[in-house]
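Numbering (UniProt numbering), first residue to last: 1 to 353.
What follows is one structure encoded as structure tokens, with my remarks underneath.
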Ligand code: FES
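And the structure:
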């Protein structure tokens, strides 16, 4: 008979500890009645208590620096879950730490774009300087180093974050300087966004509470200057060209409020043509590389569905089981690149900011 999962016998067999997190260090700050009060405040934000688990795990990290065994039990008790359920969530997401985290969490993106531009060299240099590898903390408790998958800032590659604040376009030297400053107790200003605090502080923010001591400090963080950089180039160009997104459909509508007659695209060159939706549908039909895909693309085409496809049977599903629009019925959702171009003769309201 095989051993039960999680039992000592199973752990001996598999070599895996049945505890999802490391044992607590002796000097771990306790979870107090104040923590419980704040947990109940988080729970009250949700119609179903268990939905509060993710911010509650951040709350635990804001006190203890990681999701400790005590933190797992605390969340389970507050939410009426089993410790196994809480552990399953805490061990799924990389933002929940299973070992005590240093004062600062330094994440180096080593995903494709950052890596080819030097991200791996940065990771290797910091690892060598600090004497730690991925997910390890320096002996003085100042830095936890980790490599990260894409940090969603590829246009600033190679990217390093400290406590999830961005330091863009780093190289080995600048990253070394950054980490040396952190170890001296300094908090260099991130390239953009809010000022740097520390891992526990940002964990408190992720739990939905202010990490700043007073309203003035919070306001200063919100108003912190940041570089606009390449991310917003598209918005600036659209503004210069007078392009803007069409209005969002009102609740219960599948089309923008001003939808009606066919609209023509106005390109930056001044030429006009088919509507963006038709252009995208044409492209999808042309790109289909097998009959079934072509039929599906044609079915979704606002003009040609009747020509290529089948009508939608009662119940909304075609014979392949795919929920495709009926002939002539506009396809919902994304209409391809350029769907938001300016419409000649009717300028939609411009988005602010
Ligand atoms: S690859 Fe590094 S931020 Fe995307």
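Every residue, glycine too, gets a C-beta built ideally from N, C-alpha and C.
Keep in mind the model is a prediction, meaning the values are calculated, not measured.
What residue from 66, 38 and 114 has the CA that sits closest to residue 356's CA? Residue 356 is absent from the model: the chain starts at 1 and stops at 353.
DSSP three-state label for residue 127, please. helix
Unbroken beta strand (DSSP E) run spanning residue 107, endpoints: 104–109
When we look at the beta-carbon of residue 222 and count the other beta-carbons within 10 Å, is it buried (16 or more) or exposed? exposed
Find out if the Cβ-Cβ distance for the pair residue 176, residue 142 is shorter than 7 Å. no
For residue 38, the nearest candidate out of 179, 242 and 205 (CA to CA): 205
How many Å lie between residue 198 and residue 164 at the Cα? 9 Å
Are there any heavy atoms of the ligand FES lying less than 6 Å away from the beta-carbon of residue 153, as far as the coordinates show? yes
Along the chain, which unbroken stretches of the alpha helix (DSSP H) at least 4 residues long are found entirely within the stretch 154–224? 172–183, 199–206 and 215–222
Limits of the unbroken beta strand (DSSP E) element including residue 145: 143–148
First through last residue of the alpha helix (DSSP H) which encompasses residue 407: Only positions 1 to 353 of the chain appear in the structure, and residue 407 is not among them; the question remains open.
When you measure from the CB of residue 126 to every non-hydrogen atom of the ligand FES, does any distance come out below 6 Å? no
Is it true that the stretch 94–112 meets the stretch 48–62, where meeting means three or more beta-carbon pairs spaced less than 8 Å apart? yes
Kindly identify the DSSP beta-bridge partner or partners of residue 137. 144
If we ignore side chains and look at the alpha-carbon of each, how far apart do residue 250 and residue 244 end up? 18 Å
Straight-line CA distance for residue 379 to residue 146? This structure cannot settle anything about residue 379, because the visible part of the chain is limited to 1 through 353.
Taking three-plus beta-carbon pairs below 8 Å as touching, is the stretch 78–87 in contact with the stretch 118–127? no
When you compare the CB positions of residue 111 and residue 75, do they come within less than 7 Å of one another, or not? no
Just the Cα atoms here: how many angstroms apart are residue 207 and residue 303? 49 Å
Nearer than 6 Å: is that true of the beta carbon of residue 175 relative to any heavy atom of the ligand FES? no
May I ask which residues mark the beginning and end of the alpha helix (DSSP H) holding residue 74? 69–79
Selected residue, minimal CA-CA separation from residue 49, among 25, 70 and 78: 78
Whether residue 168 touches residue 179 by CB criterion (7 Å): no
Does the distance from the C-beta atom of residue 155 to that of residue 230 stay below 7 Å? yes
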